[in-house]
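Below is one structure, written out as structure tokens; the observations come after it.
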Amino acid sequence: MTEFKEVQKIRQWWIWLILFGVASIWVWGIVQQIILGKPLGTNPVSNAGLIVTSVIPIILIALFYTIALKTEVSSRGIKIQFYPLMSTFYSWDQIRDAEIITYRFVGYGIRYSSKYGAIYNAHGNVGLQVHKTYGENLLIGTQRPEELKAVVSKYL
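In this note's numbering, the protein residues as written are 5 to 160.
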């Protein structure tokens, strides 16, 4: 039975500004070359090539929109899912101890740090630092640190 569940999405305004800024380059290119008939540059890509490559920013925007960091804590252990990219599970016998920490900015997504180990972060700078029994540590970002700490402390 899941006792704690948190879903975090990447919703930082500046990330979306970058994504839509990149997408606007393709929109501008399509308007210039296909609608207005003004070729882009001295060696322009074909209209079909321009349309086909415009799928790239659409896929990136869709991916960033669907990405979610899902953390679940149950009597079995901790499940981390960075949907739709990866999922992992750590049973309580794999975890030595854990604590809520405030950390410096480490980026968003799945990262690695020599200080924190594997990092799963979607927002903010507060997370559950997990010290595994064997191997690398991990850090799971959270927006509900007190609730997460209370549930984890029941099992450690």
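Note that beta-carbon positions come from the ideal geometry of N, C-alpha and C, so glycine has one too.
Can you check whether the CB of residue j is closer than 9 Å to the CB of residue i?
i, j, result
"Gln12", "Ala122", "no"
"Tyr112", "Ile144", "no"
"Val134", "Tyr94", "yes"
"Ala72", "Leu160", "no"
"Trp17", "Leu54", "no"
Which of the three DSSP states is assigned to residue i in this structure?
i, result
"Tyr112", "coil"
"Glu150", "helix"
"Lys136", "strand"
"Thr92", "strand"
"Val49", "coil"
"Leu142", "strand"
"Gly33", "helix"
"Gly121", "strand"
"Tyr69", "helix"
"Ile14", "coil"
"Ser58", "coil"
"Ala102", "strand"
"Gly128", "coil"
"Ser78", "strand"
"Lys158", "helix"
Suppose the cutoff is 6 Å on Cβ atoms and the five residues either side in sequence are ignored; what does the same chain contact list for residue i look like?
i, result
"Ile65", "Leu23"
"Tyr107", "Asn129"
"Ile82", "Tyr94"
"Glu150", "none"
Within 9 Å of any Cβ in chain C, is that where the Cβ of residue i sits?
i, result
"Ile84", "Note that chain C does not occur in the displayed structure, where there is just one protein chain."
Near residue i, what residues of its chain come up, given a Cβ to Cβ distance below 7 Å and the 5 sequence neighbours on each side ignored?
i, result
"Pro88", "Thr70"
"Thr92", "Ile84"
"Lys74", "Val11, Gln85, Tyr87"
"Arg100", "His135, Lys136, Thr137"
"Arg148", "Glu10"
Using the rule of at least 16 other Cβ atoms within 10 Å of the residue's Cβ for burial, across every protein chain shown, is residue i buried or exposed?
i, result
"Thr137", "exposed"
"Ala52", "exposed"
"Leu67", "exposed"
"Ile62", "exposed"
"Gln37", "buried"
"Leu152", "buried"
"Tyr116", "exposed"
"Thr146", "buried"
Leaving out five residues on either side along the sequence, give the residues of the same chain with a beta carbon under 8 Å from the beta carbon of residue i.
i, result
"Glu7", "Val77, Ser78, Ser79, Val155, Lys158"
"Asn141", "Tyr120, Gly121, Ala122, Gln133, Val134, His135"
Which whole-angstrom value describes the C-beta separation of residue i and residue j, a residue pair presumed to lie in contact below a C-beta threshold of 8 Å?
i, j, result
"Ile105", "Gly131", "6 Å"
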